[in-house]
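Have a look at the structure below, then the notes.
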Amino acid sequence: GASRTDDRRRLSDEQWFAIEDLFPWEPPSRAGGRPTVPPRAALEALLWLLRIGGRWEDLPDWAPSESTCRRRLAEWTERGLLCEVWSRLIEIADELGEVDWEHLIADGTFCRAKKGGISWGVATNGPVPLSWS
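Taking our numbering, I'd label the letters of the sequence shown as residues 1 to 133.
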């Protein structure tokens, strides 16, 4: 398990260097203004949440703010960036012989349904009709 004070990062420097070019970032300038959070910090926080299955409120003390992490997640997802990150890191792990393809899974179907039920019905915004005719 992990706690909110757990400061262990998961990406090694080698892993970060392999994907760093996907995350353009400029350090703060001397001109002032609010500096942006480095992308590695936001990515590490998102990976931490995924690893523990936590809520946004559970972000550890070392992580950027919840709003920064949410914004980066939305931005990176929209750009397809996280799929490219995953692809690169899996490729590196495979080259090192660290992937057992017999047991690799990247699927979200094991997640619980909200409000507890399994339903394959048609999604609606109103009451469900009694008949389809």
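Backbone N, C-alpha and C fix where the C-beta goes; we use that ideal spot for every residue, glycine too. Every value quoted in this text rests on a predicted model; they were computed, and no experiment measured them.
For TRP16, the closest alpha carbon among the candidates ARG88, GLU57, CYS69 is that of ARG88. PRO39 counts as buried, since at least 16 other C-beta atoms from the protein chains shown sit within 10 angstroms of its C-beta. In this chain, the alpha helix (DSSP H) harbouring ARG88 covers 81-95.
The alpha-carbon separation between ARG10 and LEU43 amounts to approximately 10 Å. For ALA41, the CB contacts under 6 Å within the same chain, skipping 5 residues up- and downstream, are PRO64 in chain order.
Sequence-distant partners of ALA45 (beyond 5 residues in either direction) whose C-beta falls short of 7 Å from its own C-beta, in its chain, are LEU59, ALA63, PRO64, CYS69. The beta carbon of VAL37 sits closer than 6 Å to the beta carbons of PRO64, THR68 from its chain, once the five residues preceding and following it are set aside; these are given in chain order.
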